[in-house]
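Quick note: the sequence shown uses UniProt numbering, first residue 1, plus one each step. Backbone N, C-alpha and C define an ideal beta-carbon position, used for all residues, glycine too. One structure is given here, and the rest of the page talks about it.
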Amino acid sequence: MRLGIISALAEEQHGLLEALQSPAKHVHGMREYTTGKLWEIDAVCVLSRIGKVAAAMTAAILVEKFGVTHIIFTGVAGSGDKNVHVGDIVVAESLVQHDFDASPLFPKFEIPLTGLSSFATDVALTEKLADAAAPFTRVHRGLIASGDQFIGKLTQIQAVKAALPAVLAVEMEGAAVAQVCFELGIPFAVIRTISDNANDDAAVDFMHFIKTVASRYAFDVIRNFCKP
Ligand code: ADE
Numbered sequence: 001m002r003l004g005i006i007s008a009l010a011e012e013q014h015g016l017l018e019a020l021q022s023p024a025k026h027v028h029g030m031r032e033y034t035t036g037k038l039w040e041i042d043a044v045c046v047l048s049r050i051g052k053v054a055a056a057m058t059a060a061i062l063v064e065k066f067g068v069t070h071i072i073f074t075g076v077a078g079s080g081d082k083n084v085h086v087g088d089i090v091v092a093e094s095l096v097q098h099d100f101d102a103s104p105l106f107p108k109f110e111i112p113l114t115g116l117s118s119f120a121t122d123v124a125l126t127e128k129l130a131d132a133a134a135p136f137t138r139v140h141r142g143l144i145a146s147g148d149q150f151i152g153k154l155t156q157i158q159a160v161k162a163a164l165p166a167v168l169a170v171e172m173e174g175a176a177v178a179q180v181c182f183e184l185g186i187p188f189a190v191i192r193t194i195s196d197n198a199n200d201d202a203a204v205d206f207m208h209f210i211k212t213v214a215s216r217y218a219f220d221v222i223r224n225f226c227k228p
């Protein structure tokens, strides 16, 4: 296994670079890929930056240039469900691009020529990540929706939920990584700590949370995941 670990922002990757043994930095396409050993696992850590294109490019480079065989995305998300609270973790079972709409050519949300409107995560990786997170907080599993919008208004999250009632969390990268991994045949998983309720308070809650709890969980969960 060679594991690619992507986060959008430095806070979401907190501690991982320091934990990498024999780290080596490689700059490519305006991103820094750090290779090394995370406990026993051969790993490559990288910050994708924000949004679906940024994440898709990063995932593709991880596979094509750095030879990763598996990918995990770790970061924060807004809640998409009343039972999912700030500080909880959501591990994706599938991901949808909530802002994708090629209708009437294709059904809304369907990614043309794949026949799919959501992409399933790898069952074994997802199970292992959920187990790694369980000691720290409440863990939910289900649908995560990604789009090129920060959901910071109640009306926005209501619109997403009206169209996709099963959504547990909203973020800006996971479903893009999911599509790339599906198309390249790479097993992947996505784990998100809830930083805000994707409502009118989301921006303030996000800024506070990302500096505090998010950074701790990212590290603890990945350490549990990687340790033999
Ligand atoms: N990531 C964290 N919170 C988010 C939100 N409310 N919308 C989109 N991405 C997020």
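Would you kindly check if the distance between the Cβ of residue 94 and the Cβ of residue 16 is under 7 Å?
-> It is not a contact, given that the beta carbons lie outside the stated cut-off.
Spatial neighbours of residue 148 in its chain, beta-carbon cut-off 7 Å, leaving aside the 5 residues before and after | Closer than 7 Å at Cβ, skipping near neighbours: 51, 52, 99, 172.
Just to check, is the beta-carbon of residue 1 closer than 6 Å to a non-hydrogen atom of the ligand ADE?
-> Not a single heavy atom of the ligand ADE lies less than 6 Å from the C-beta of residue 1.
Excluding the 5 residues preceding and the 5 following residue 59 in the sequence, name in chain order all residues of the same chain whose CB lies nearer than 7 Å to its CB.
-> Correct list, in chain order: 6, 71, 177, 180, 181.
Taking 6 Å as the cut-off, does the CB of residue 207 come closer than this to any heavy atom belonging to the ligand ADE?
-> At a cut-off of 6 Å, the beta-carbon of residue 207 does not count as near the ligand ADE: no heavy atom of the ligand is closer than that.
In the DSSP assignment, find the beta strand (DSSP E) that holds residue 188 and state where it starts and stops.
-> Run containing residue 188: 188-196, per the beta strand (DSSP E) assignment.
How about the stretch 191-209 and the stretch 107-124: do they share at least three Cβ pairs that are nearer than 8 Å?
-> Flag = no, the stretch 191-209 and the stretch 107-124 do not touch.
Is residue 125 closer than 7 Å to residue 187 when the C-beta atoms are compared?
-> Residue 187 places its beta carbon less than 7 Å from that of residue 125.
Note down the Cα distance separating residue 90 from residue 121, rounded to an integer number of angstroms.
-> The alpha-carbon separation between residue 90 and residue 121 amounts to approximately 13 Å.
Please write down, chain order preserved, every residue whose beta carbon lies under 7 Å from a heavy atom of the ligand ADE.
-> Cβ-based neighbours of the ligand ADE within the cut-off: 76, 77, 78, 149, 150, 151, 152, 170, 171, 172, 195, 196, 198, 202, 206.
So is residue 134 in contact with chain B if we call contact Cβ pairs under 7 Å?
-> You won't find chain B in this structure, because it holds only one protein chain.
If residue 235 and residue 88 are in contact, beta carbons under 8 Å, what's the gap, nearest whole angstrom?
-> Any question about residue 235 goes unanswered here, given that the chain covers just 1 to 228.
Taking residue 114 as the reference, give the member of 184, 208, 130 with the closest Cα.
-> Distance from the Cα of residue 114 is smallest, within the candidate group 184, 208, 130, for 184.
With DSSP as the reference, label residue 119 as helix, strand or coil.
-> Note: residue 119 maps to strand in three-state DSSP.
Give every residue of the same chain whose Cβ lies closer than 8 Å to the Cβ of residue 129, excluding the five residues on either side of it in the sequence, and list them in chain order.
-> If we look at residue 129 and ignore the five residues flanking it on each side, its Cβ neighbours are 72, 91, 189, 191, 221, 225.
Return yes when the Cβ of residue 163 is within less than 7 Å of the Cβ of residue 96, no when it is not.
-> At least 7 Å separates the beta-carbon of residue 96 from that of residue 163.
Using a Cβ-Cβ cut-off of 7 Å (strictly less than) and excluding sequence neighbours within five positions of residue 80, which residues of its own chain qualify?
-> Once the five neighbours on either side are set aside, the close Cβ partners of residue 80 are 145, 157, 160, 161, 167, 168, 169, 170, 198.
Residues near residue 85 in its chain [Cβ-Cβ closer than 8 Å; skip 5 each side] = Within the same chain, residue 85 has close Cβ partners 79, 138, 194.
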